[in-house]
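So the structure is just underneath, and the comments pick up after that.
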Amino acid sequence: MIERRALIAGVLAAPARAAGLADFTLARLEGGPLPLREFAGRALLIVNTASFCGYTPQYTGLQRLHDRFEARGLTVLGVPSNDFQQESTSNQAIREFCDGMFGITFPMAALSHVRGPQALPLFQWLAREAGGPPRWNFHKYLVARDGLRPRGFATQIEPGSREMLRAVETVLA
């Protein structure tokens, strides 16, 4: 029953002492659970996104990165958040925006909190393990294939930057 209530609220909680990425489940943008164990053995680039931000054009770079490295084991995962007041409050509107403006094909979680006391358990774990919570939209966390070693990247680090490409190549090696 707790799991069902948490899913209705948009998120399934993780264990208090999560051991890694596979311990978390999010809600899908389209509805239903998104267990991160589905991505076992893959590297994940988890990004808190927003539709109405100066960094929103990074969606293009994120999709390119996903397309370029998906076959080698990288999945980009978007997590829309209105924590900085620059996102729609409707999952359907977010999906329509992402599809219509950017042709997003990578998985997207439901609208969620990514910082503060209401942050998703996943983002609490990422903040603890990878240098702190997002300071703005399009903060990125790259998690190695083992699901245990996240690394944070500031908003200003573009998805196609040399630094990001080098980091992706490293976790995929």
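Quick note: the sequence shown, position 91, residue 90 per numbering that gives the first Met the number 0, numbers continuous. Built from N, CA and C at the ideal position, the CB exists for glycine as well.
Is it buried or exposed, residue i, if we count other Cβ atoms within 10 angstroms and call 16 or more buried?
i: Leu-147; result: exposed
i: Pro-238; result: Within the shown structure, residues of the chain are numbered from 0 to 172, placing residue 238 beyond reach of any answer.
i: Arg-4; result: Legend: pLDDT at Arg-4 = 36, less than 50; position of this residue unreliable, value from coordinates given subsequently. That one is exposed.
i: Gln-155; result: exposed
i: Thr-24; result: buried
i: Glu-157; result: buried
i: Met-100; result: exposed
Mapping the DSSP letters down to three states, classify residue i as helix, strand or coil.
i: Val-167; result: helix
i: Ile-45; result: strand
i: Leu-25; result: strand
i: Pro-32; result: strand
i: Gly-134; result: Here residue 134 is Arg; the residue named in the question, Gly, does not match the sequence. Coil.
i: Ala-182; result: Lying before the first or after the last residue shown, residue 182 is absent from the chain, which here runs from 0 to 172.
Please identify the residue among the options whose C-alpha is closest to the C-alpha of residue i.
i: Arg-83; options: Tyr-58, Trp-124, Glu-69 and His-112; result: Here the sequence assigns Phe to residue 83, which means Arg is not the residue at that position. Nearest C-alpha to Phe-83: His-112.
i: Arg-114; options: Arg-134, Thr-104 and Pro-106; result: Arg-134
i: Arg-67; options: Ser-87, Ala-49, Phe-105 and Pro-56; result: Phe-105
i: Gln-85; options: Gln-123, Gly-102, Tyr-58 and Tyr-54; result: Tyr-54
i: Pro-34; options: Lys-139, Arg-161, Pro-120 and Glu-168; result: Pro-120
Output yes or no for whether 8 Å exceeds the beta carbon distance between residue i and residue j.
i: Val-78; j: Leu-44; result: no
i: Arg-27; j: Ala-108; result: yes
i: Val-142; j: Pro-149; result: yes
i: Asn-47; j: Phe-137; result: yes
i: Ser-50; j: Phe-96; result: yes
i: Arg-144; j: Ala-42; result: yes
I need the straight-line Cα distance from residue i to residue j, nearest angstrom please.
i: Ser-89; j: Arg-71; result: 33 Å
i: Ala-172; j: Cys-52; result: 33 Å
i: Arg-94; j: Glu-29; result: 8 Å
i: Asn-81; j: Gly-40; result: 30 Å
i: His-65; j: Pro-116; result: 30 Å
i: Gly-58; j: Ala-166; result: What sits at residue 58 in the sequence shown is Tyr, not Gly. About 18 Å.
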